[in-house]
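As structure tokens, the structure follows; a few thoughts come after it.
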Amino acid sequence: MPSKNDKKEPLISRRQFLLRTAATCGLAATAGAWGYVFYSKEPVRRSEAKIVTFRDYRIQESKVFPQLVVVHGKDAEKMVRAAIEKIGGMGRFVSPGDKVLLKPNVAWDRQPEQAANTTPGIVAAVVRLCLEARAAEVWVTDVPVNDASRCFARSGIGEAVKRSGGKVRLAAENDFVPTDLRGEALKVWPVSAIYHQADKLINLPIVKHHSLSKCTMAMKNLYGSLGGQRNRLHQDINGSIADLAAAIRPTLTLMDATRVLRRNGPTGGNLSDVSIEDTVIAGVDLVAVEAYGLRFLDLKVEDIPFIGLAEKRGIGLSDWRSLHVAEMNV
Amino acid sequence: MIRRFFTLRNIRRTYAVFFLSLFVLLLWLTNFGRMKGYETGLFLELDPLAALASFLTSWTLYKGLALSLVIVVGTLFLGRFFCSWICPMGIVNQVAGSLFSRLRAADTVQLNSWRALYNLKYYILVFFLLLAAFGSLQTGLLDPIPFITRAFAVSVFPGANYGQGWLYLKQPLFQGGTLLGLIFLAVIFANRFVPRFWCRAVCPLGALLGLFSFRPLLRIWRDVELCTDCKKCLANCHGGCDPHSALRYTECHLCMNCIEDCPENAIHYGLQGPSSSVQMPLDVSRRRLIESALAGAVLYPVMKSTISSGTTAGHQVIRPPGSIAEGDFLRRCIKCGECMKVCPTNAIQPALFEAGLEGLWTPVLISRIGYCEYNCILCSRVCPTGAITPLTVEKKLGKGPGQKPLKIGTAFYDRGRCLPWAMNIDCIVCEEVCPTSPKAIWFQDFEVQLRDGGTKVLKRPFVDPKLCIGCGICETKCPIRDKAAVRVTSIGETRSTTNQMILKS
Chain A
74 MPSKNDKKEP LISRRQFLLR TAATCGLAAT AGAWGYVFYS KEPVRRSEAK IVTFRDYRIQ
134 ESKVFPQLVV VHGKDAEKMV RAAIEKIGGM GRFVSPGDKV LLKPNVAWDR QPEQAANTTP
194 GIVAAVVRLC LEARAAEVWV TDVPVNDASR CFARSGIGEA VKRSGGKVRL AAENDFVPTD
254 LRGEALKVWP VSAIYHQADK LINLPIVKHH SLSKCTMAMK NLYGSLGGQR NRLHQDINGS
314 IADLAAAIRP TLTLMDATRV LRRNGPTGGN LSDVSIEDTV IAGVDLVAVE AYGLRFLDLK
374 VEDIPFIGLA EKRGIGLSDW RSLHVAEMNV
Chain B
517 MIRRFFTLRN IRRTYAVFFL SLFVLLLWLT NFGRMKGYET GLFLELDPLA ALASFLTSWT
577 LYKGLALSLV IVVGTLFLGR FFCSWICPMG IVNQVAGSLF SRLRAADTVQ LNSWRALYNL
637 KYYILVFFLL LAAFGSLQTG LLDPIPFITR AFAVSVFPGA NYGQGWLYLK QPLFQGGTLL
697 GLIFLAVIFA NRFVPRFWCR AVCPLGALLG LFSFRPLLRI WRDVELCTDC KKCLANCHGG
757 CDPHSALRYT ECHLCMNCIE DCPENAIHYG LQGPSSSVQM PLDVSRRRLI ESALAGAVLY
817 PVMKSTISSG TTAGHQVIRP PGSIAEGDFL RRCIKCGECM KVCPTNAIQP ALFEAGLEGL
877 WTPVLISRIG YCEYNCILCS RVCPTGAITP LTVEKKLGKG PGQKPLKIGT AFYDRGRCLP
937 WAMNIDCIVC EEVCPTSPKA IWFQDFEVQL RDGGTKVLKR PFVDPKLCIG CGICETKCPI
997 RDKAAVRVTS IGETRSTTNQ MILKS
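Here the protein sequences line up with chains A and B, keeping their order.
Be aware that the first sequence starts at 74, since it is given in this note's numbering, and climbs by one per residue.
Be aware that the second sequence starts at 517, since it is given in this note's numbering, and climbs by one per residue.
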């Protein structure tokens, strides 16, 4: 029979026992909770990126001003000023404090004379007008086909923008956000985030020949907002151009037809492909501007399916003659 | 206070920081937007090994490489000052060595005194120079300046950019970049075991400079009358050159640490005094030298009787525009990677075995990654050895009277993969982006019968081999992402008289 004096000291104190038990239970509970929280039937987590849509950059319509302004002249600055003046002044489009985004065509590593990119003088003039209308910031962007820094340097646009007080903003690889274009051919597509940061969008295309779509002007210029595998769009080029025009509604379109690339577009490269037309077209109606530009390439509205598609969707009118048009020389 | 800062050691450190920063800065400047007129290849041009080896292979001292004479002449008088004062590879290894190995005083005697292993670099040098004398330029594999330039251009810069985007607009991708990065890391890590292992045991440029400092006018010397044999001079020795006994002046990097560390002020730099200890000239085994030379002599004919781009035109060996004919190219290219750094479209890549073992890490264009920008001549501007000769835009595009545009290859359609040819789907992105005028890619309208019985008119593309310059933008932009339906191979390249297919061109 064990003696009372045989009592051994317990191996651990009660307090220690309780603490250790609590710690072990805690660890077990953590493991269970971890399993519960992260249990998944899928092998990878689906990241749910927020899908945004384009804002409507347009301003209220006005009957006071002409809907289409065509200016002929030699001096880019004067032509742009006259055109904007006639269509209501930059104050009509840009409110003080706005962040304004300009979208010229700077897709190619080409010089201004080769007419593959928008004339730098026109971009600079618009930057200045925006700043005079007290825009907070004026950004110029494009997602070129050739290397971006080379395109902006060789087109002269980088330098022109810097000198006139604007800022070139280039989208890096992770600056693209999935955006729902709600189109028939284009659904969710990566779009340069700069478009979602701007209040106003001014479209600055140049008139050029294009072998598949026949022409590239105001509507196709909007391609330059997209990232991703853009080269697939050629498979339904008319549908995708119409979708873009429906999704992106610029505040103003000012089209450069000072030099027109008539053949070998959209890259050009040979001065004999370029004809001098000395014209600038301003308008709020993208489709009307586009339809007007066809004359430089000897095309008709019927030749260009995407203009018809866009008109059917109510983006604008292809019959620009029915609009209030002002034409002048400076 | 100021005087205490201006110790020899600190002056050397200041130079080291300056030259390492200059190296990184110049490499950063090697870019379309930043290049302006800077001498971006300065360190490569200062490299006497590149100059000597390319001289041996081609009997010309190419342009900027004449600058390396500054280092040669300096070394003849002063000793191997290049290694610890200027060489970016030496400085990086020194920094790594001082970080990785915290030496106890007892260890320093073992680790910082000379070992027979350090003669290895002389054998490596002899091996490479013999290959060069026969006509194969392989020094670039271990020459420290091309080595570190390549490692930075292909691995370090792209790695530093990853996730940050502060060096490039588009993350560059390089074939075998990880491998080159790992090799560089291995060299750095070797400092963990022997400080400056690379510089002391491997570096062929160090060996060459060692040869040039066979009898330097000024040198480190130890005054035996003052010396107490405490061996404290070994504590921070860079070269492993035995300052505590018979100094091996061909190994000495002039780091000046022994002068600073000597408690008795017994070590000096200058004209050797009468009380100097005896010094040890270069002592390499003649037998080993002959063995290494023999290895080179045996390897050369074996290399030349192996299939490489020098013997057989390789379809993937599309060289940058301005490159000289392949045989000469391999005799001039030191694999430095400057052209890969400057290429704006990331097209120029280090070759793995496309050009054979001889052409390892030489530049090739991979058109799936990038294309040769029509108006760009940057790679020809940065090449330090003239493997790519300097171009003007007019010359590249053949704008001069009677000139033809420079071709680097020709595009071919894979009609089984091309959307309009194989699947009756509209595309011709290739035609849109083709930069020549008139376009080398043209199309014909075809009326095709569809599966459901209807018909469709679509444009199917063709290549005009007379106009195609092989720039590869069609392959880069082709929507068939994995393996493009239009691909460029090297056939028809201007620099080759044999890699041609058309009778009349």
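Ideal Cβ placement from N, Cα and C applies to all residues, glycine included.
Within 10 angstroms of the beta-carbon of Phe-673 (chain B) lie 16 or more other beta-carbons, which makes it buried. Within its own chain, the residues whose Cβ lies closer than 6 Å to the Cβ of Thr-591 (chain B), once the five positions on either side in sequence are excluded, are Leu-725, Phe-728 and Ser-729, listed in chain order.
Within 10 angstroms of the beta-carbon of Cys-98 (chain A) lie fewer than 16 other beta-carbons, which makes it exposed. Contacts with chain A (Cβ-Cβ distance below 8 Å) from the segment 942-957 of chain B involve Asp-942, Cys-943, Ile-944, Val-945, Glu-947, Glu-948, Val-949, Cys-950, Pro-951, Thr-952, Ser-953, Pro-954 and Lys-955, listed in chain order.
With a cutoff of 9 Å on beta-carbon distance, Val-964 (chain B) and Cys-990 (chain B) are scored as not near each other. For Leu-695 (chain B), the three-state secondary structure derived from DSSP is helix. The beta carbon of Ala-782 (chain B) is closer than 7 Å to those of Arg-738, Asp-739, Leu-742 and Cys-743 in its chain, skipping five residues each way along the sequence. In this structure Leu-174 (chain A) touches Lys-273 (chain A) by the C-beta definition: roughly 7 Å separates them, less than 8 Å. Spatial neighbours of Glu-350 (chain A) in its own chain (CB-CB distance under 6 Å, excluding positions within 5 residues in sequence) are listed in chain order as Ala-330, Val-333 and Phe-369. Those residues of the segment 910-937 of chain B placed with their C-beta closer than 9 Å to a C-beta in chain A are Leu-913 and Leu-935, ordered along the chain. Ranked by how close their Cα comes to the Cα of Ala-361 (chain A), the residues A:Gly-381, A:Lys-385 and A:Ser-391 have A:Ser-391 in first place.
DSSP places Met-605 (chain B) in the uninterrupted alpha helix (DSSP H) bounded by 604-616. Checking the DSSP bridge columns, you'll see Met-328 (chain A) partnered with A:Ile-354.
For Val-357 (chain A), the closest Cβ of chain B is not nearer than 9 Å. Between the C-alpha atoms of Glu-874 (chain B) and Phe-597 (chain B) there is a straight-line separation of about 32 Å. Annotation: the continuous beta strand (DSSP E) that includes Thr-1005 (chain B) extends over 1002-1005. Given a length threshold of 3 residues, each whole run of the beta strand (DSSP E) inside the segment 746-816 of chain B is given here in chain order: 783-786. Closer than 9 Å to the CB of Asn-337 (chain A) there is at least one CB belonging to chain B. Spanning the alpha carbons of Leu-562 (chain B) and Pro-604 (chain B) requires a straight line of approximately 12 Å. The C-beta distance from Pro-836 (chain B) to Ser-896 (chain B) rounds to 7 Å, short enough to meet the 8 Å contact threshold. Residue contact check for Arg-997 (chain B) against chain A: a CB pair falls below 9 Å.
Taking a cut-off of 8 Å on C-beta distances, the segment 560-577 of chain B touches the segment 655-674 of chain B, as three or more cross pairs fall below it.
Taking a cut-off of 8 Å for Cβ pairs, the segment 243-260 of chain A and the segment 151-167 of chain A do not touch, as fewer than three such pairs fall below it. When rounded, the separation of the alpha-carbon atoms in Glu-947 (chain B) and Ala-197 (chain A) is 31 Å. For His-831 (chain B), there is no enclosing beta strand (DSSP E), as DSSP gives it neither H nor E. Taking Gly-297 (chain A) as reference, the option from A:Ser-228, A:Ile-314, A:Val-200 and A:Leu-285 with the minimal CA-CA separation is A:Ile-314. Around the beta carbon of Val-703 (chain B), 16 or more other beta carbons lie within 10 angstroms, which makes this residue buried.
As the crow flies, the alpha-carbon of Ala-706 (chain B) is around 11 Å from that of Ala-717 (chain B). For Lys-993 (chain B), the chain A residues whose Cβ falls inside 8 Å of its Cβ are Val-218 and Asn-304, in order along the chain.
The residue among B:Gln-919, B:Leu-645, B:Cys-757 and B:Lys-911 with its C-alpha nearest the C-alpha of Cys-715 (chain B) is B:Cys-757. When C-alpha distances from Thr-828 (chain B) are compared across B:Pro-817, B:Thr-908, B:Glu-842 and B:Leu-815, the shortest belongs to B:Glu-842. Across the set B:Asn-752, B:Ser-570, B:Phe-713 and B:Ile-904, the C-alpha of B:Ser-570 shows the shortest separation from the C-alpha of Leu-647 (chain B). Shown here for Trp-937 (chain B): same chain residues with a beta carbon closer than 6 Å to its own, the five before and five after excluded, namely Arg-931 and Arg-976 in chain order.
Taking a Cβ-Cβ cut-off of 7 Å, the neighbours of Phe-548 (chain B) in chain A comprise Ser-222 and Arg-223, given in sequence order.
Under DSSP, no beta-bridge partner is assigned to Leu-592 (chain B). According to DSSP, residue pairing for Tyr-929 (chain B) in a beta bridge involves B:Val-1002.
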